[in-house]
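K.L.:
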Amino acid sequence: MIYMGIVKSESADLFNIRISDFFEMAKTGRAGKLSPGRIAEAILFLRKQTSRRAVAQKRGLVVPPLLIASLTRRCNLNCAGCYSRALRPSLPGETSQELSDDRFMALFEEAVELGVSSIFLAGGEPLLRRELVERAAKLKGIFLPLFTNGTLIDDAIVDLAARASIVPILSIEGEERQTDGRRGPGIHAGALRWMKEMKSRKIIFGASLTITSQNADIALDAGFLEALAELGISVLFMVEYVPVSQGTENLILSDEQRDRLNQPEQFSRLSFPVVVLPGDEQAYGGCLAAGRGFLHLSPEGRVEACPFAPFSDMSAADHSFEETLSSPMLAAIRERHSELTETKGGCALWNKGGWIASLSVCSGARAKS
Ligand code: SF4
Numbered sequence: 004m005i006y007m008g009i010v011k012s013e014s015a016d017l018f019n020i021r022i023s024d025f026f027e028m029a030k031t032g033r034a035g036k037l038s039p040g041r042i043a044e045a046i047l048f049l050r051k052q053t054s055r056r057a058v059a060q061k062r063g064l065v066v067p068p069l070l071i072a073s074l075t076r077r078c079n080l081n082c083a084g085c086y087s088r089a090l091r092p093s094l095p096g097e098t099s100q101e102l103s104d105d106r107f108m109a110l111f112e113e114a115v116e117l118g119v120s121s122i123f124l125a126g127g128e129p130l131l132r133r134e135l136v137e138r139a140a141k142l143k144g145i146f147l148p149l150f151t152n153g154t155l156i157d158d159a160i161v162d163l164a165a166r167a168s169i170v171p172i173l174s175i176e177g178e179e180r181q182t183d184g185r186r187g188p189g190i191h192a193g194a195l196r197w198m199k200e201m202k203s204r205k206i207i208f209g210a211s212l213t214i215t216s217q218n219a220d221i222a223l224d225a226g227f228l229e230a231l232a233e234l235g236i237s238v239l240f241m242v243e244y245v246p247v248s249q250g251t252e253n254l255i256l257s258d259e260q261r262d263r264l265n266q267p268e269q270f271s272r273l274s275f276p277v278v279v280l281p282g283d284e285q286a287y288g289g290c291l292a293a294g295r296g297f298l299h300l301s302p303e304g305r306v307e308a309c310p311f312a313p314f315s316d317m318s319a320a321d322h323s324f325e326e327t328l329s330s331p332m333l334a335a336i337r338e339r340h341s342e343l344t345e346t347k348g349g350c351a352l353w354n355k356g357g358w359i360a361s362l363s364v365c366s367g368a369r370a371k372s
């Protein structure tokens with residue numbers, strides 16, 4: 004059974020194992036249409052990255068398998084309950100405060116050298132930094148999911164996905180009514196249009212859904228998941244809703260819905276792997292943030308434990324990526340990861356916002372009291 008949640012294992016290679024599962028599925032043609040050569044290359048890369056992280060660990064450096072990079076706060080949509088806008092509201096002259104394309108690329112290359120296996124390109128809307136996305140696509144071997152609202156995709160981006168390791172992940176909220184209800188009229192049809200185009204060209208792509216109390220029943224419906232398979236997706240990300248916007252607590256999953264979301268067997272017959280975030284954190288010994296599984300890089304370069312915890316004590320604007328990995332705040336969070344298991348509201352770290360804020364020197368947003 005392949006379920007891209009996390010298995011009971013202490014090793015930080017959890018993500019590495021799951022990503023290789025994805026390529027193993029690709030071999031059977033069950034998850035996308037990759038050439039055997041591309042699959043072999045990808046699995047070799049993952050193994051190389053595993054040993055690079057093991058070497059780093061020997062000298063006391065915790066290198067995360069996964070780096071989530073928000074390329075910008077800016078977005079051309081204004082979705083209800085948007086995390087990015089709630090946690091990282093617009094800044095005066097914000098474009099100027101974002102890291103340059105050269106600085107991002109230098110950090111990405113350093114991250115790969117240290118052993119990072121995958122870089123999630125996120126935002127805001129990452130395609131508002133199209134040149135940077137095109138440059139990142141030239142990075143060899145690495146898996147680059149591009150989390151996009153789909154409105155800025157065009158033939159050139161589809162061509163890029165066809166030849167490089169960019170994997171477009173289109174954000175939807177369920178069926179048309181749910182997606183357009185949160186994101187705006189026509190967004191769902193736009194996403195489906197590009198899914199059909201990429202399917203017809205046998206390109207690897209995926210979808211991502213934010214799972215709330217209002218769309219959980221649709222998102223976990225077998226018929227809906229089969230419809231996504233028909234659309235040709237190669238991977239599905241399900242992100243449990245975190246009430247970062249005050250007054251949206253009604254969107255938190257009920258315990259019954261969360262239990263249903265974290266039952267891997269329901270996805271076992273699907274033709275694509277499902278990644279549930281944060282999934283059942285207890286299953287892997289507590290929170291995976293702060294480098295245990297992943298780290299977040301903000302548009303301005305702040306290295307943060309998690310996209311849902313916008314607190315930081317070091318910036319990659321004036322430190323190397325390696326230096327930021329030794330941040331005292333990240334080390335303090337890792338030391339207490341076994342306490343970070345309360346996931347009601349989708350994020351244990353968010354639930355401890357007050358404690359995290361006390362550790363950080365350059366926090367960006369209000370802490371959950
Ligand atoms: S597309 Fe994403 S970043 Fe943009 S407003 Fe919607 S949720 Fe926020």
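Using this note's numbering, read the sequence shown as starting at 4 and increasing by one per residue.
Cβ atoms here follow ideal geometry from the backbone N, Cα and C, with glycine treated the same way.
What does DSSP give as the partner residues of ILE71 in its beta bridges?
P.N.:
PHE123, HIS299.
K.L.:
Look at the Cβ atom of GLY118, then the Cβ atom of ARG55, and state whether they are nearer than 8 Å.
P.N.:
Yes. Within cutoff.
K.L.:
Can you tell me whether SER73 sits near ligand 1, meaning its C-beta is under 7 Å from at least one heavy atom of the ligand?
P.N.:
Incorrect: SER73 has no Cβ contact closer than 7 Å to ligand 1.
K.L.:
Alpha carbon to alpha carbon, how far is ALA210 from ALA194?
P.N.:
Roughly 9 Å between the two C-alpha positions.
K.L.:
Can you say whether ARG166 is buried or exposed, counting buried as having 16 or more other CB atoms within 10 angstroms of its CB?
P.N.:
That one is exposed.
K.L.:
Quick one: give me the first and last residue of the alpha helix (DSSP H) that ILE172 is part of.
P.N.:
No alpha helix (DSSP H) holds ILE172; the beta strand (DSSP E) holding it covers 169 to 175.
K.L.:
Ends of the alpha helix (DSSP H) at THR151?
P.N.:
First-last for THR151: 147 to 151, but that is the beta strand (DSSP E), not the alpha helix (DSSP H).
K.L.:
Near ligand 1, which residues have their beta-carbon less than 7 Å from any of its heavy atoms, given in chain order?
P.N.:
Working through the chain, the matches are CYS78, LEU80, ASN81, CYS82, CYS85, TYR86, SER87, ARG88, GLY126, GLY127, GLU128, ASN152, SER174, ARG186.
K.L.:
How would you label GLN60, buried or exposed, when you count the other beta carbons within 10 angstroms and need 16 or more for buried?
P.N.:
GLN60 should be labelled exposed.
K.L.:
Give a yes or no on contact between the segment 128 to 141 and the segment 68 to 87, applying the rule of three or more CB pairs nearer than 8 Å.
P.N.:
The segment 128 to 141, when compared against the segment 68 to 87, does touch it at the 8 Å Cβ threshold.
K.L.:
Measuring CB atoms only, is the segment 181 to 188 touching the segment 137 to 148, in the sense that at least three cross pairs come out at less than 8 Å?
P.N.:
No: fewer than three Cβ pairs fall under 8 Å.
K.L.:
Pull up the DSSP beta-bridge partners for GLU243, would you.
P.N.:
ILE214, per the DSSP bridge assignment.
K.L.:
Of the residues GLN249, CYS309, GLY226, which one's Cα is nearest the Cα of GLN269?
P.N.:
That would be GLY226, whose Cα lies nearest to the Cα of GLN269.
K.L.:
Taking a contact to mean a Cβ-Cβ separation below 8 Å, would you say LEU69 touches ARG132 in this structure?
P.N.:
No, these two residues do not count as a Cβ contact at 8 Å.
K.L.:
Return the chain-ordered list of same chain residues with a C-beta closer than 7 Å to the C-beta of VAL279, the five sequence neighbours on each side being excluded.
P.N.:
If we look at VAL279 and ignore the five residues flanking it on each side, its Cβ neighbours are GLY8, MET241, LEU264, ASN265.
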